[in-house]
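**Q**
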Amino acid sequence: MNRMSIRLSAGLALMLVAAGAFAAQLPDFTQIVKKNAPAVVHVEAKYNGDHEVRRFRTQERAPQQLPPGVPEIFRHFFGQPMPRGEMKHTSIGSGFIISSDGYILTNDHVVDHADTVTVRLKDRRVLTAKVVGTDKPYDIALLKVDAKDLPTVTLGDSSSLQPGQWVLAIGSPFDFDYTVTQGIVSAVGRSFGNQDQIDVPFIQTDVPINRGNSGGPLFNLDGQVVGINSQIYSSTGGYMGVSFSIPINIAMDAVRQIKAKGYVSRGMIGVTIQQVDAQKAKALGLPTAAGALVQGVKSGSPADKAGLQVGDVIQAFNGTAVLNAQDLPPMVASTAPGTEVTLKVFHQGKSETVKVKLGEKARDEDSYSSISPDHTVSSSHPLGFSVENMTDEQRQELDIKKGQGVVISDVEGRQAMEAGLRPGFVVMMVGQHRVGSVKDFDKWTKGIKPGDTVMLLVRDSHGNSGFITITVPKRD
78 MNRMSIRLSA
88 GLALMLVAAG
98 AFAAQLPDFT
108 QIVKKNAPAV
118 VHVEAKYNGD
128 HEVRRFRTQE
138 RAPQQLPPGV
148 PEIFRHFFGQ
158 PMPRGEMKHT
168 SIGSGFIISS
178 DGYILTNDHV
188 VDHADTVTVR
198 LKDRRVLTAK
208 VVGTDKPYDI
218 ALLKVDAKDL
228 PTVTLGDSSS
238 LQPGQWVLAI
248 GSPFDFDYTV
258 TQGIVSAVGR
268 SFGNQDQIDV
278 PFIQTDVPIN
288 RGNSGGPLFN
298 LDGQVVGINS
308 QIYSSTGGYM
318 GVSFSIPINI
328 AMDAVRQIKA
338 KGYVSRGMIG
348 VTIQQVDAQK
358 AKALGLPTAA
368 GALVQGVKSG
378 SPADKAGLQV
388 GDVIQAFNGT
398 AVLNAQDLPP
408 MVASTAPGTE
418 VTLKVFHQGK
428 SETVKVKLGE
438 KARDEDSYSS
448 ISPDHTVSSS
458 HPLGFSVENM
468 TDEQRQELDI
478 KKGQGVVISD
488 VEGRQAMEAG
498 LRPGFVVMMV
508 GQHRVGSVKD
518 FDKWTKGIKP
528 GDTVMLLVRD
538 SHGNSGFITI
548 TVPKRD
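The sequence shown begins at 78 in the working numbering and counts up one residue at a time.
Written out as structure tokens, the structure is:
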């Protein structure tokens, strides 16, 4: 054997050793699957004619308001489409047994408005399930079957999950029962703002899951359930590398409340919020573009009683930093009503500590909202629009109290138009100063100069309010 052959053989041997060492480090999921697969069930929900159209239409969800240029949409993954004549009557998903006496967890959207629900076990038994209770905001449904000594999963602690950890899913994608897929945790605490399930701090993974995986369990390497598979991020309706699961801690808190009182309570402070971008941070004097910008305070709410004001920025909740506006709703919602919490609030140029006693969020409304994507624009002269005092008729039509707001009469600047400003819109604030007349508006805009960024609170003709920013261009 010549020297070249020896070198090649040695290199190949090293490669094989390295490959073997790498393979040895990869997790073996077989024992997790053997132990837990019997506690995973196939869920089938059937509907009568009153609900079949509604269910079929909600299978393909309308596009959400995502950042500009992002074409994807969030979709719940209902089941594998059934043969023609059946598909409008049936929804298929997954679930898992949490107690030996027959309690089963799945997604609300799998069984919503179902007339009959059945579950199929790994031993091929088919059992009729009763819907004990559901919670739409968390997308949780608790089922009960009449059986004893059933196999159960082991529940884990979703708060201990970290990005990079291995996880696996067991479910029925496309009606292929007991399909096992694996991946890693991509992110934790992922929230969607004004998207679906605003109060859920999702576990984001790259585990391949598809239609029919809804309601199925997400396991860690200890064989414990840490999440319930709920949504995917897709432009096609199929898996594209990003999946979302409901943390099991959130789900089990909902289960306990459903069992105890039939519904789920959530904390509420009574504000509407939006994201702080670089231009808003500059206008507010914030050192970084972080926090939840208060764009509305509900009269008589805990926030109102605590003195929070429009234009404040919530920077922390009970010691936990609020980096994005979407971080706040899950923190508040998961805290029991009546709890006194501490908020760090940026107000009039400085940070303050505010105590707030949480109220209870109404079950038929959201406590938070965001507005459409922000625009930072410039104009050929300071702001590019003019205003006038509001008439009594305008105030009555827009439900605006006397002494609040000035109406935009004309928009001259091209960039002001691009920002979305239109005649008839109402300017409620300039910076953190309330505006009730043209005199007020002139006072707070008088010192504006090229290079300044001005933040405005604007209400449109439909009554929707939100902050926009305009940067006055510097002259050449």
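Backbone N, C-alpha and C define an ideal beta-carbon position, used for all residues, glycine too.
To the nearest angstrom, how far is it from the Cα of V187 to the Cα of V203?
**A** 17 Å
**Q** Could you give the C-beta distance for V59 and Q372, rounded to a whole number, given that I count them as a contact under 8 Å?
**A** The structure shown does not extend to residue 59, since the chain is modelled only from 78 to 553, so the question has no answer here.
**Q** In terms of residues, what are the limits of the beta strand (DSSP E) holding V483?
**A** V483 to V488
**Q** Among M408, K516, L405 and G304, whose alpha-carbon lies nearest the alpha-carbon of Q239?
**A** G304
**Q** Determine the DSSP secondary structure at H186, reduced to helix, strand or coil.
**A** Three-state result, H186: helix.
**Q** Thinking V196 and L220 are a contact (beta carbons under 8 Å), I'd like their distance in whole angstroms, please.
**A** For a cut-off of 8 Å, the C-beta gap from V196 to L220 is around 7 Å, short enough to register as a contact.
**Q** Is A393 helix, strand or coil by DSSP?
**A** strand
**Q** Looking at the unbroken beta strand (DSSP E) that takes in M43, where does it start and where does it end?
**A** The chain is shown only over 78 to 553; residue 43 falls outside these bounds and no answer can be derived.
**Q** Would R307 and I323 be called neighbours here (beta carbons separated by less than 9 Å)?
**A** For the sequence presented, residue 307 should be read as Ser rather than Arg. In this structure, I323 lies closer than 9 Å to S307 by Cβ.
**Q** Would you call the region 344-353 in contact with the region 473-484, where contact means no fewer than 3 C-beta pairs closer than 8 Å?
**A** Verdict: no, contact absent.
**Q** Which stretch, first to last residue, makes up the alpha helix (DSSP H) that contains I305?
**A** No alpha helix (DSSP H) holds I305; the beta strand (DSSP E) holding it covers Q301 to S311.
**Q** For Q102, name the three-state secondary structure that DSSP assigns.
**A** Three-state result, Q102: helix.
**Q** Give me the Cα-Cα distance between I514 and K523, rounded to the nearest whole angstrom.
**A** The residue asked about is misnamed: residue 514 is Ser in this sequence, not Ile. Cα-Cα distance, rounded: 14 Å.
**Q** Among the candidates A218, A191 and G241, whose CA atom is the shortest distance from the CA of I175?
**A** It is A218.
**Q** For the candidate residues A337, G368, D299 and K336, whose alpha-carbon lies nearest to that of V110?
**A** D299
**Q** Name, in chain order, the residues that DSSP records as bridge partners for H510.
**A** V507
**Q** Does the Cβ of I547 have 16 or more other Cβ atoms within 10 Å, making it buried, or fewer, making it exposed?
**A** buried
**Q** Please list, in chain order, all residues of the same chain as S538 whose beta carbon is under 6 Å from its beta carbon, the five residues on each side excluded.
**A** Hits under 6 Å: G501.
**Q** Confirm, please, whether the CB-CB distance from G170 to G293 is below 9 Å.
**A** Going by C-beta atoms, G293 is nearer than 9 Å to G170.
**Q** Can you name, in chain order, every residue of its own chain whose Cβ lies under 6 Å from the Cβ of V332, other than the five neighbours on each side?
**A** L219
**Q** Helix, strand or coil for P407 per DSSP?
**A** helix
**Q** What did DSSP end up calling K526 once you bin it into helix, strand or coil?
**A** Coil, per DSSP.
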